[in-house]
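Undergrad: For the sequence shown, position 66 (counting from the first letter as 1) is numbered 66 according to my numbering, and the numbering increases by one without interruption.
By construction, the Cβ of each residue, glycine as well, lies at the ideal position given by its N, Cα and C atoms.
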Amino acid sequence: MALEEEKQRISVDNLFEILGNPTRRVILSKLAKITHSTSELSKTLGISRQAVHSQLEILKNYNIIERMTPEERGSKYRIKSNLSLTIDFTPDYYHIKYKMTNINPNSEAILLKNTKDSDAYEKIETPNLKMKYLGENIKKIEKNLFKLERDRRVLLQKKESFIIQLKSLMEKQYRDKLRKKKSMLDNLEMEIFYTLFFNPVKFHSKINIDSLLDELFFSDLDRISRASHRTSIEHLLRDLAKSMDILRKVDDSVFFDI
Numbered sequence: 001m002a003l004e005e006e007k008q009r010i011s012v013d014n015l016f017e018i019l020g021n022p023t024r025r026v027i028l029s030k031l032a033k034i035t036h037s038t039s040e041l042s043k044t045l046g047i048s049r050q051a052v053h054s055q056l057e058i059l060k061n062y063n064i065i066e067r068m069t070p071e072e073r074g075s076k077y078r079i080k081s082n083l084s085l086t087i088d089f090t091p092d093y094y095h096i097k098y099k100m101t102n103i104n105p106n107s108e109a110i111l112l113k114n115t116k117d118s119d120a121y122e123k124i125e126t127p128n129l130k131m132k133y134l135g136e137n138i139k140k141i142e143k144n145l146f147k148l149e150r151d152r153r154v155l156l157q158k159k160e161s162f163i164i165q166l167k168s169l170m171e172k173q174y175r176d177k178l179r180k181k182k183s184m185l186d187n188l189e190m191e192i193f194y195t196l197f198f199n200p201v202k203f204h205s206k207i208n209i210d211s212l213l214d215e216l217f218f219s220d221l222d223r224i225s226r227a228s229h230r231t232s233i234e235h236l237l238r239d240l241a242k243s244m245d246i247l248r249k250v251d252d253s254v255f256f257d258i
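1) Does the region 111-129 come close enough to the region 27-40 that 3 or more CB-CB pairs lie under 8 Å?
2) Based on the DSSP secondary-structure assignment, which residues constitute the bridge partners of threonine 90?
3) What is the rounded straight-line gap between the Cα of lysine 242 and the Cα of glutamate 234?
4) What residue does the alpha helix (DSSP H) around arginine 78 start on, and which one ends it?
5) Return the chain-ordered ranges of every beta strand (DSSP E) run that is complete within the region 178-249 and spans a minimum of 3 residues.
6) How far does the beta strand (DSSP E) with isoleucine 65 in it reach, from first residue to last?
7) Measuring straight from C-alpha to C-alpha, what distance separates isoleucine 87 and serine 48?
8) With C-beta atoms as the reference, is isoleucine 65 less than 8 Å away from lysine 80?
9) Would you report the Cα separation of leucine 247 and valine 254, rounded to the nearest angstrom?
10) Looking at C-alpha atoms only, which residue of Pro70, Ala227, Thr231 and Phe217 is the closest neighbour of isoleucine 96?
11) Determine the DSSP secondary structure at asparagine 104, reduced to helix, strand or coil.
12) Ends of the beta strand (DSSP E) at serine 11?
13) Is it true that the CB of phenylalanine 198 sits closer than 8 Å to the CB of leucine 240?
14) Go through its chain and collect everything with a Cβ distance to glutamate 189's Cβ below 8 Å, but skip five positions before and after it.
15) Label threonine 126 either buried or exposed according to how many other C-beta atoms from any shown protein chain fall within 10 Å of its C-beta, with 16 as the threshold for buried.
16) With distances taken from CA atoms, which of Lys76, Arg153, Glu72 and Lys132 is nearest lysine 33?
17) Tell me which same chain residues have a C-beta within less than 7 Å of the C-beta of threonine 38, skipping the five on either side of it?
18) Start and end of the alpha helix (DSSP H) containing serine 39?
19) Considering Cα atoms alone, identify which of Leu85, Thr90, Asp92 and Tyr93 is closest to lysine 99.
20) Distance check for glycine 20 and asparagine 14, CA to CA, integer angstroms please.
21) Buried or exposed: where does histidine 204 fall if 16 or more other Cβ atoms within 10 Å of its Cβ makes it buried?
22) Would you mind stating whether asparagine 61 and asparagine 102 have Cβ atoms separated by less than 8 Å?
23) With distance defined between alpha-carbon atoms, name the residue in Asp222, Arg230, Ser225 and Arg223 nearest to serine 211.
24) If you count every other CB in all the chains shown that lies within 10 Å of the CB of leucine 129, and 16 or more means buried, which is it?
25) So the candidates are Ser42, Asn208, Pro91 and Lys43; which of them puts its Cα closest to the Cα of aspartate 252?
26) The beta strand (DSSP E) spanning serine 253 covers which residue range?
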């Protein structure tokens, strides 16, 4: 079942601002179960309609929810976007990954249709048996997701062990070599190096400087400051390329060869 997705842009800072508010989290939790109007949410949450309305407007402006019938007074709200957020940080690893997509509620991609499961479902005769079938499949999927998450934790632990070893190698083999070229090793130089290894799939081959800037949290800078940081990173990458075979400079580009 292929999802028909329309990608939406939202910054990680805005994402944390949205989810950091407990009222907005409760509203999203309720809308994920059933649609609600402003007055219904006000009554359930025990806060004023005006307070609920302000939170709904924020979520609507970020394209996370929508009014089902905007032309009608008292229209109910529903969630209109899929949002997935993963945060991993340890003493030796840091990574935030999120994806937000806008999916049409009428899209066949999210309906139980034209699949083996839908064929089996249609053959069930009574509502009670249909409900049992749906519940069993949801439980099966939840178990599979739990297994995937457990496998993911094992892989993350293994990844961290390689990063720890990489840091040890850098300390023993390369820091002295890099220090010979400057009186004090630039912290940003090491941050760039480890950022490449935190996500080698993303930076494999030709390094995208703009993506590297975003990973180093220079995404919200003004144009002049961003250009300045970009120049610094380009110089530091060239310095690293002179000391390490895995970084290769070709004209004005640097390649990450692993």
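TA: If we stick to the structure as given:
1) No: fewer than three Cβ pairs fall under 8 Å.
2) Counting from 1 along the sequence shown, the entry for residue 90 is found at position 90. Partner(s): Tyr93.
3) To locate residue 242, count along the sequence shown from 1; it is residue 242. To locate residue 234, count along the sequence shown from 1; it is residue 234. Each residue's alpha carbon lies about 13 Å from the other.
4) For the purposes of this step, residue 78 is taken as the residue at position 78 of the sequence shown. Per DSSP, arginine 78 belongs to no alpha helix (DSSP H); it is in the beta strand (DSSP E), 77-79.
5) none
6) Translated into the one-based positions of the sequence shown, residue 65 becomes position 65. Isoleucine 65 -> beta strand (DSSP E) spans 65-67.
7) Sequence index remark: in the sequence shown, residue 87 carries index 87 (1-based). Sequence index remark: in the sequence shown, residue 48 carries index 48 (1-based). The alpha-carbon atoms of isoleucine 87 and serine 48 are separated by roughly 33 Å.
8) Taking the sequence shown and counting its residues from 1, one reaches residue 65 at position 65. Taking the sequence shown and counting its residues from 1, one reaches residue 80 at position 80. A contact, by the Cβ cut-off of 8 Å.
9) Within the sequence shown, residue 247 is the residue found at index 247, counting from 1. Within the sequence shown, residue 254 is the residue found at index 254, counting from 1. Using only the alpha carbons, I get a separation of about 7 Å.
10) Translated into positions along the sequence shown, residue 96 becomes position 96. Here the closest residue by C-alpha is Phe217.
11) For this step, residue 104 is matched to residue 104 along the sequence shown. Looking at asparagine 104 - three-state DSSP - the assignment turns out to be coil, as it is neither helix nor strand.
12) Taking the sequence shown and counting its residues from 1, one reaches residue 11 at position 11. Segment: none, serine 11 is in no beta strand (DSSP E) and carries neither H nor E.
13) What you label residue 240 is simply residue 240 of the sequence shown in a count that begins at 1. What you label residue 198 is simply residue 198 of the sequence shown in a count that begins at 1. No, the Cβ-Cβ distance between leucine 240 and phenylalanine 198 is not below 8 Å.
14) Taking the sequence shown and counting its residues from 1, the one referred to as residue 189 is at position 189. Leu178, Leu236, Asp239 and Leu240, listed in sequence order.
15) Counted from its first residue, the sequence shown places residue 126 at position 126. Residue environment for threonine 126: exposed (fewer than 16 other C-beta atoms within 10 angstroms of its C-beta).
16) Within the sequence shown, the letter at position 33 stands for residue 33. Taking only the C-alpha atoms, the option nearest lysine 33 is Lys76.
17) Taking the first residue of the sequence shown as position 1, residue 38 is located at position 38. Cβ within range, chain order: Arg49, Val52, His53 and Leu56.
18) As a first step, residue 39 is located in the sequence shown; it is residue number 39 there, counting from the start. First-last of the alpha helix (DSSP H) with serine 39: 38-45.
19) The residue you call residue 99 lines up with position 99 of the sequence shown. Closest option to lysine 99, Cα to Cα, is Leu85.
20) The residue given as residue 14 occupies position 14 in the sequence shown. The residue given as residue 20 occupies position 20 in the sequence shown. Approximately 10 Å, taken between the alpha carbons.
21) Here residue 204 refers to the residue found at position 204 of the sequence shown. It is exposed - the Cβ of histidine 204 has fewer than 16 other Cβ atoms within 10 Å.
22) For the purposes of this step, residue 61 is identified with residue 61 of the sequence shown, where counting begins at 1. For the purposes of this step, residue 102 is identified with residue 102 of the sequence shown, where counting begins at 1. Their beta carbons are not under 8 Å apart, which means asparagine 61 does not touch asparagine 102 by this criterion.
23) In the sequence shown, counting from the first residue as 1, residue 211 sits at position 211. Among Asp222, Arg230, Ser225 and Arg223, the Cα nearest to that of serine 211 belongs to Arg230.
24) For the purposes of this step, residue 129 is taken as residue 129 along the sequence shown, with counting starting at 1. Around the beta carbon of leucine 129, fewer than 16 other beta carbons lie within 10 angstroms, which makes this residue exposed.
25) For the purposes of this step, residue 252 is taken as the residue at position 252 of the sequence shown. Of the candidates Ser42, Asn208, Pro91 and Lys43, the one whose C-alpha sits nearest the C-alpha of aspartate 252 is Asn208.
26) For the purposes of this step, residue 253 is taken as the residue at position 253 of the sequence shown. Residues 253-256.
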